[in-house]
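Residue numbers (the numbering used here): 1390 to 1757.
Beta carbons are placed, not taken as given, at the ideal position from N, Cα and C, and that holds for glycine.
In this text the structure is predicted, and so the values were computed from the model without any measurement.
Everything on this sheet refers to the single structure shown next.
Here's what the structure looks like:
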């Protein structure tokens, strides 16, 4: 099973080849969260008349208007080349992940990171511009078939990143793992691992509820949870990785071997009562709009309206419009049934038994 937090380090193209050195007045590498305890967004200051280049996938925002020129490796028949995207006031510049079958690799394949490089150009060239950036890992989902010792295995492997800038919110950090028809001749293996990022400029309290065998690691603590729910800790920004609770699995394993696990960790967070008082002593600038998004597996540049993307590994659900249609159909069917019942059991008997004064036919006793 892949470990949550793992991310490919093989680059499709060398990032420093995206722009000529003279094209970038300053150069930053988007903060890598990995397992760092001090992971947070950072504010960069672009002097007047200058620009800034940022290497990696990241969320960004500013109180001033700006344009980005993002270059992302694109795979073609000639190999990888830089694809240029220009965007006004973008909220995210994301790379993507490809895979390459490699018989020499231990796992049989390599993940290749199409790492972007983005130039940020302020609209107002007559004054300095402050931009906040938060480094993220994009989501990815790969579907591949490997031949191992005359056995064929079909893998669907997903890594989903959810991000929330809301002061109070929640997300499900989960692992879904399934093996279908596994045998010595091969089989189908599906795995989706989710990590969640919550960032803000005020302190929040984080709590969790989990299912059996589910676990997580975070920038707040590194341990297997023993309780099914509880308080994790306090922070302005935190990141969570779904994990298999190895301690619980070892001490209380399932009674029968399982070919499928759906392990949920609901992470919730809310502002603390001391947040305002504590934050008055520190810089409280926060440029990001409130949003909750599942990051794209395709890469590209996004704004607030399209940053939330459907993850391919999520189980399909009825869209809202479909639910509304079903409800309307049910109401119409029930109304029709009620109408028929009223006609046959209420209206029709009244007509049959009506008096002459009501315009009905007088009922006579039958002749014996």
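Each of 1656, 1677, 1688, 1482 was checked against the Cα of residue 1618, and the nearest Cα belongs to 1656.
Selection 1564, 1595, 1596 evaluated against residue 1583 yields 1564 as nearest (Cα-Cα).
Spanning the alpha carbons of residue 1514 and residue 1455 requires a straight line of approximately 10 Å. Segment contact: the segment 1619-1635 against the segment 1643-1654, three or more CB-CB distances shorter than 8 Å; contact assigned. According to the DSSP secondary-structure assignment, residue 1606 is paired through a beta bridge with 1630. The beta-carbon distance between residue 1520 and residue 1509, rounded to whole angstroms, is 6 Å. This is short enough to meet the 8 Å contact definition.
Distances from the alpha-carbon of residue 1451 to those of 1478, 1404, 1505, 1458 put 1478 closest.
Distances from the alpha-carbon of residue 1658 to those of 1401, 1437, 1596, 1567 put 1596 closest. Per DSSP, residue 1638 is not a residue of any beta strand (DSSP E); the alpha helix (DSSP H) it occupies stretches across 1635-1640.
Put simply, the backbone Cα of residue 1560 is about 8 Å away from that of residue 1551. Where residue 1428 is concerned, there is no enclosing beta strand (DSSP E), because DSSP gives it neither an H nor an E. If you check the CB distance, residue 1486 and residue 1474 do not come in under 8 Å. Of 1539, 1541, 1545, the smallest CA-CA separation from residue 1703 is found for 1545. Listed in chain order, the non-local C-beta contacts of residue 1405 below 6 Å within the same chain number zero, local neighbours out to five positions each way being set aside. Following the DSSP letters along the chain, one finds residue 1471 inside the beta strand (DSSP E) bounded by residues 1468-1477. With contacts defined by Cβ atoms closer than 8 Å, residue 1459 and residue 1420 do not form a contacting pair. According to DSSP, residue 1521 shares a beta bridge with 1432, 1450. Residue 1643 carries a coil assignment under DSSP once its states are collapsed to helix, strand and coil. Excluding residues up to 5 positions away in sequence, 1553, 1627, 1658 lie with their Cβ nearer than 6 Å to the Cβ of residue 1587 in the same chain. For residue 1649, the enclosing beta strand (DSSP E) has its first and last residue at 1649-1652.
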